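Trainee:
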Amino acid sequence: MAIQQISVFLENKEGRLAETVQKISQAGVNIRALCVADTRDFGILRLITSDNAKVKAALSDSGAVIPTDVIAAKMDDTAGALSGILQILADAKINIEYMYAFTGAADLGAYVVLRVDNTPAAETILKAAGVSTLSDADVAAM
Amino acid sequence: MANYYQPEIETASREEILAIQNEKIVKQVKHVYENVKYYRDLMDAKGVKPEDIKSVDDIKKLPFLSKADLREAYPYGLLGTDLKNCVRIQSTSGTTGKRVVAFYTQHDIDLWEECCARAIVAAGGTNEDVCQVCYGYGLFTGGPGLNGGSHKVGCLTLPMSSGNTDRQIQFMMDLNATILCCTPSYAAYIGETLAEQGYKPEDNKLKAGIFGAEPWTEEMRRSIEKSLGIKAYDIYGLTETSGPGVAFECCAQSGMHINEDHFYAEIIDPDTGEVLPEGSKGELVFTSLDKEAFPLLRYRTRDICVLTREKCACGRTHVKMSKPMGRSDDMMIIRGVNVFPSQIETVLLNEGYTPNYQIVVDRVNNSDTLDIYVELLPDQFSDIVAENQKKERSLEIAMRTMLGIGPKVHLVPPHSIVRSEGKAVRVIDKRKLHD
Ligand SMILES: [Zn+2]
Chain A
14 MAIQQISVFL
24 ENKEGRLAET
34 VQKISQAGVN
44 IRALCVADTR
54 DFGILRLITS
64 DNAKVKAALS
74 DSGAVIPTDV
84 IAAKMDDTAG
94 ALSGILQILA
104 DAKINIEYMY
114 AFTGAADLGA
124 YVVLRVDNTP
134 AAETILKAAG
144 VSTLSDADVA
154 AM
Chain B
1188 MANYYQPEIE
1198 TASREEILAI
1208 QNEKIVKQVK
1218 HVYENVKYYR
1228 DLMDAKGVKP
1238 EDIKSVDDIK
1248 KLPFLSKADL
1258 REAYPYGLLG
1268 TDLKNCVRIQ
1278 STSGTTGKRV
1288 VAFYTQHDID
1298 LWEECCARAI
1308 VAAGGTNEDV
1318 CQVCYGYGLF
1328 TGGPGLNGGS
1338 HKVGCLTLPM
1348 SSGNTDRQIQ
1358 FMMDLNATIL
1368 CCTPSYAAYI
1378 GETLAEQGYK
1388 PEDNKLKAGI
1398 FGAEPWTEEM
1408 RRSIEKSLGI
1418 KAYDIYGLTE
1428 TSGPGVAFEC
1438 CAQSGMHINE
1448 DHFYAEIIDP
1458 DTGEVLPEGS
1468 KGELVFTSLD
1478 KEAFPLLRYR
1488 TRDICVLTRE
1498 KCACGRTHVK
1508 MSKPMGRSDD
1518 MMIIRGVNVF
1528 PSQIETVLLN
1538 EGYTPNYQIV
1548 VDRVNNSDTL
1558 DIYVELLPDQ
1568 FSDIVAENQK
1578 KERSLEIAMR
1588 TMLGIGPKVH
1598 LVPPHSIVRS
1608 EGKAVRVIDK
1618 RKLHD
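Those protein sequences? They're chains A and B, same order as listed. Numbered as in the numbering used here, the first sequence ends at 155 without a single skipped number. Numbered as in the numbering used here, the second sequence ends at 1622 without a single skipped number.
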């Protein structure tokens, strides 16, 4: 199952990230995972949250907010679990645009968030390989 | 194949045109001096009498009129005849300050419509054509001007006015429109909409389009021509001088012939007011030669362009003006190159961006820098860094092609550019701080 990530386009200005995160916490939403990408001109804040609708509403006047489908795959607590997942995708010629990891608050499991160029194909292949992935409901219940 | 509405005038020899102009300017200056106190005061202050103007060569002795004069004289200060002789007003949109209101007698309307008729015939129009006018009707000069010109040519005129694209397309297809008159951006939009509705360029009967009232590029011309299956012609004019039709493009599509029997054109240095020789880039100045109600002498258009008298393939002898490259009052000189915000705006619109941008000019190590900040629409932004950077690079290439110098483009989130009274601050020139 793919999950919905929220991406926020941020101006490269001091305090912009803090301000954005504060707005989200004021909306009473938990951030499950995040990743910031920085360039010369802008930042992109990518978020997995407990309530995306509330985040969109809270940030509606502060720039561009777009939803993207990503895969949150569970990694076994063994050495080489991540490289195993990456190898499965590489074998299937699926490109990874970016990825980041987080720990589930309830199960303390390790998850990797994958943004790929073909999400449905990646899901099918990971499922076939026995890798379990999170759904939006799983994320909300975390 | 060249077509003329008034061949004897449009292809007259240089000497004939000069003779017409010299005769008319003497009368026009006398008419203005006797009837327009505002301009009489300007002439008196400069010590110029009507008798001093014996030919168009003497026009350079006359004082200039600017937009500021028109605002100051609003509404009747530049009126050249009794109101009872006037039959119409037209007006500018007035987005920046007070509106300009221009007055017309029936003679002035006829003259204007005749100019538009020349433009339509130059685009291949005859009395067998169906001319769809989707410029706005009303105070804006676009609709009434082309409408009148279309009548004079004898085309079946579709007075559509602007907007309601589905209805435009329905009339265009059902009534076999052959000539389309509108702004270039609207023509592009009609082209896109036709394609979305499943029409191919050859499905319509259009053969030509007459597009003006906003800046557009050669790339835009080619794309409109392709999407509608037509030849696209430029037309120029401004409310102050009458409206569209002051100059128009012929089959050569390389500049617009100015209707020199009605309007005398000069190119001046915008800073010194000095008249520049043919071929120089500078501010376009118009002197009306035979208007009754709103005769403006040496009106500074603020449009920057080049005039040429090179022989034209179409056989017309009237001087040609290049497409305006920008406005004199917002021209920037960056690394020795003239850059206009309007050029940057044109690129952004052509590439599908919002016209919300900010230009920052600075000087680093004695070299000018040009940075353009462009607001993205939410759906134009990608969560993938490389995608956004690719957009920046391709905008930089398009800007370099248009401007002749390479800027740095920075994409920024919506609403991040500071606005003053609703309008974004377009240009920040930090070089002045260092000088
Ligand atoms: Zn020509």
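For glycine and all other residues, C-beta sits at the position ideal for the given N, C-alpha and C. Note that this is a predicted model, so its numbers are computed, not measured.
Counting only beta-carbon separations shorter than 9 angstroms, does A:F22 have a partner in chain B?
Mentor: As a first step, residue 22 of chain A is located in the first sequence; it is residue number 9 there, counting from the start. It does: the Cβ of A:F22 has a partner Cβ on chain B nearer than 9 angstroms.
Trainee: Note down, in chain order, every chain A residue with its Cβ under 7 angstroms from the Cβ of B:F1568.
Mentor: Counting from 1 along the second sequence, the entry for residue 1568 of chain B is found at position 381. The answer, in chain order, is F22, A77, I79.
Trainee: Let me see if you follow: with CB-CB separation under 9 angstroms, is A:F59 close to chain B or not?
Mentor: On the first sequence, residue 59 of chain A is found 46 positions in, with the first residue counted as 1. The residue you asked about is not Phe; residue 59 of chain A is Arg in the sequence shown. Closer than 9 angstroms to some Cβ of chain B, the Cβ of A:R59 qualifies, so yes.
Trainee: What does a CB cutoff of less than 7 angstroms around B:M1407 pick up in its chain, not counting 5 residues either side in sequence?
Mentor: The residue labelled residue 1407 of chain B in the question sits at position 220 within the second sequence. Closer than 7 angstroms at the Cβ level, and outside the excluded window around B:M1407, lie P1371, A1375, N1537.
Trainee: Among A:T146, A:A15, A:L147, which has the Cα closest to the Cα of A:P80?
Mentor: Taking the first sequence and counting its residues from 1, one reaches residue 80 of chain A at position 67. With distances taken between Cα atoms, A:P80 lies closest to A:A15.
Trainee: Which first and last residues belong to the alpha helix (DSSP H) in which B:K1413 is found?
Mentor: Within the second sequence, numbered from 1, the residue matching residue 1413 of chain B stands at position 226. First-last of the alpha helix (DSSP H) with B:K1413: 1405 to 1415.
Trainee: Mapping the DSSP letters down to three states, classify B:F1358 as helix, strand or coil.
Mentor: Locating residue 1358 of chain B in the second sequence gives position 171, where the first residue counts as 1. Helix, per DSSP.
Trainee: At a Cβ threshold of 9 angstroms, is B:E1379 touching chain A?
Mentor: Sequence index remark: in the second sequence, residue 1379 of chain B carries index 192 (1-based). No, B:E1379 does not count as interfacial toward chain A.
Trainee: Quick one: which residues of the segment 1587 to 1599 of chain B get their C-beta closer than 8 angstroms to a C-beta of chain A? List them in chain order.
Mentor: From the segment 1587 to 1599 of chain B, only H1597, L1598, V1599 have a Cβ closer than 8 angstroms to chain A.
Trainee: How should B:A1255 be labelled, buried or exposed, when 16 other C-beta atoms within 10 angstroms of its C-beta is the threshold for buried?
Mentor: Translated into the one-based positions of the second sequence, residue 1255 of chain B becomes position 68. B:A1255 is exposed by the Cβ-count criterion.
Trainee: I'd like to confirm something about B:G1502: is its beta-carbon nearer than 8 angstroms to some heavy atom of ligand 1, or not?
Mentor: On the second sequence, residue 1502 of chain B is found 315 positions in, with the first residue counted as 1. At least one heavy atom of ligand 1 is nearer than 8 angstroms to the Cβ of B:G1502, so yes.
Trainee: Is it buried or exposed, A:Q127, if we count other Cβ atoms within 10 angstroms and call 16 or more buried?
Mentor: Looking up residue 127 of chain A in the first sequence gives position 114. According to the sequence as given, residue 127 of chain A is Leu; it is not Gln. A:L127 should be labelled buried.
Trainee: Please report the distance separating the alpha-carbon of B:T1541 from that of B:E1389.
Mentor: Looking up residue 1541 of chain B in the second sequence gives position 354. Looking up residue 1389 of chain B in the second sequence gives position 202. Near 31 angstroms, if we compare the C-alpha coordinates of B:E1389 and B:T1541.
Trainee: Just by C-beta distance, which residues in the segment 1524 to 1547 of chain B are closer than 8 angstroms to chain A?
Mentor: Answer in chain order: no residues at all.
Trainee: Would you mind giving the Cβ-Cβ distance between B:V1596 and B:V1561, rounded to the nearest angstrom? I have them listed as a contact below 8 angstroms.
Mentor: As a first step, residue 1596 of chain B must be located in the second sequence, where it is residue number 409. As a first step, residue 1561 of chain B must be located in the second sequence, where it is residue number 374. Between B:V1561 and B:V1596 the Cβ distance is about 6 angstroms, and since that is below 8 angstroms, they are a contact.
Trainee: Select from the segment 33 to 52 of chain A all residues with a C-beta closer than 7 angstroms to any C-beta belonging to chain B, and list them in chain order.
Mentor: Per Cβ criterion, the list reads A50, T52.
Trainee: Residues bridged to B:R1514 by DSSP?
Mentor: As a first step, residue 1514 of chain B is located in the second sequence; it is residue number 327 there, counting from the start. DSSP lists B:D1490 as partners of B:R1514.
Trainee: Whose Cβ in chain A lies nearer than 8 angstroms to the Cβ of B:L1557?
Mentor: The residue labelled residue 1557 of chain B in the question sits at position 370 within the second sequence. Simply none; closest approach about 15 angstroms.
Trainee: Counting contacts by CB-CB distance shorter than 9 angstroms, is B:V1317 in contact with chain A?
Mentor: Working through the second sequence from its first residue, we reach residue 1317 of chain B at position 130. No, because no Cβ of chain A sits closer than 9 angstroms to the Cβ of B:V1317.
Trainee: Just checking: is the beta-carbon of A:Y124 within a distance shorter than 9 angstroms of some beta-carbon in chain B?
Mentor: Residue mapping note: residue 124 of chain A aligns to position 111 of the first sequence, counting from 1. Chain B, which has no Cβ nearer than 9 angstroms to the Cβ of A:Y124, makes this no.
Trainee: Which residues, in chain order, does the segment 134 to 155 of chain A contribute to contact with chain B at a C-beta distance below 8 angstroms?
Mentor: Within the segment 134 to 155 of chain A, no residue qualifies.
Trainee: On the three-state DSSP scale, how would you describe B:D1448?
Mentor: Locating residue 1448 of chain B in the second sequence gives position 261, counting from the first residue. Three-state result, B:D1448: coil.
Trainee: Identify which residue in A:K36, A:I98, A:V152, A:A154 has its Cα closest to the Cα of A:G143.
Mentor: Counting from one through the first sequence, the residue named residue 143 of chain A turns up at place 130. Ranking A:K36, A:I98, A:V152, A:A154 by Cα distance to A:G143 puts A:I98 first.
Trainee: DSSP has B:Q1277 in a bridge; who is on the other side?
Mentor: The residue you call residue 1277 of chain B lines up with position 90 of the second sequence. In DSSP, B:Q1277 forms a bridge with B:A1289.
Trainee: Taking 8 angstroms as the cut-off, does the CB of B:K1507 come closer than this to any heavy atom belonging to ligand 1?
Mentor: Translated into positions along the second sequence, residue 1507 of chain B becomes position 320. It does: the Cβ of B:K1507 is within 8 angstroms (strictly closer) of some heavy atom of ligand 1.
Trainee: How many whole angstroms separate the CB atoms of B:R1503 and B:T1313, which I take to be in contact at a CB cut-off of 8 angstroms?
Mentor: One-based indexing of the second sequence puts residue 1503 of chain B at position 316. One-based indexing of the second sequence puts residue 1313 of chain B at position 126. In fact, because the Cβ distance is near 18 angstroms, the residues do not count as touching under 8 angstroms.
Trainee: Which first and last residues belong to the alpha helix (DSSP H) in which A:M112 is found?
Mentor: One-based indexing of the first sequence puts residue 112 of chain A at position 99. Note, A:M112: premise wrong, no alpha helix (DSSP H); beta strand (DSSP E) at 109 to 116.
Trainee: Is it the case that the Cβ atoms of B:T1426 and B:S1278 are separated by a distance below 9 angstroms?
Mentor: Start at 1 with the first residue of the second sequence, and residue 1426 of chain B comes out as number 239. Start at 1 with the first residue of the second sequence, and residue 1278 of chain B comes out as number 91. Yes, the pair counts as a contact, with Cβ atoms nearer than the cut-off.
Trainee: Nearest to B:S1581 by CA position, among B:I1571, B:L1598, B:K1248, is which residue?
Mentor: For this step, residue 1581 of chain B is matched to residue 394 along the second sequence. Per the Cα distances, B:L1598.
Trainee: Unbroken beta strand (DSSP E) runs of length 3 or more, entirely within the segment 1538 to 1605 of chain B: which are they?
Mentor: Correct list: 1544 to 1551, 1554 to 1562, 1595 to 1599.
Trainee: Does DSSP put A:C48 in a helix, in a strand, or in coil?
Mentor: On the first sequence, residue 48 of chain A is found 35 positions in, with the first residue counted as 1. Strand, per DSSP.
Trainee: For the segment 83 to 142 of chain A, list the beta strand (DSSP E) runs that are entirely contained and at least 3 residues long, ordered along the chain.
Mentor: Whole beta strand (DSSP E) segments, 3+ residues: 109 to 116, 123 to 129.
Trainee: Round the Cβ separation of A:A71 and A:K36 to the nearest angstrom and send it over; I've been treating them as touching at under 8 angstroms.
Mentor: The residue labelled residue 71 of chain A in the question sits at position 58 within the first sequence. The residue labelled residue 36 of chain A in the question sits at position 23 within the first sequence. Their Cβ separation, rounded to whole angstroms, is 5 angstroms, which keeps A:A71 and A:K36 in contact under 8 angstroms.
Trainee: Give me the Cα-Cα distance between B:F1327 and A:N65, rounded to the nearest whole angstrom.
Mentor: Within the second sequence, numbered from 1, the residue matching residue 1327 of chain B stands at position 140. Within the first sequence, numbered from 1, the residue matching residue 65 of chain A stands at position 52. Distance between the alpha carbons of B:F1327 and A:N65: 47 angstroms.
Trainee: When you compare only the Cα positions, how much space is there between B:M1512 and A:R53?
Mentor: Start at 1 with the first residue of the second sequence, and residue 1512 of chain B comes out as number 325. Start at 1 with the first residue of the first sequence, and residue 53 of chain A comes out as number 40. Going by the C-alpha atoms only, they are around 32 angstroms apart.
Trainee: Hey, does B:A1585 have any beta-carbon neighbour from chain A nearer than 9 angstroms?
Mentor: Against the second sequence, residue 1585 of chain B aligns to sequence position 398. Not one chain A Cβ lies under 9 angstroms of B:A1585.
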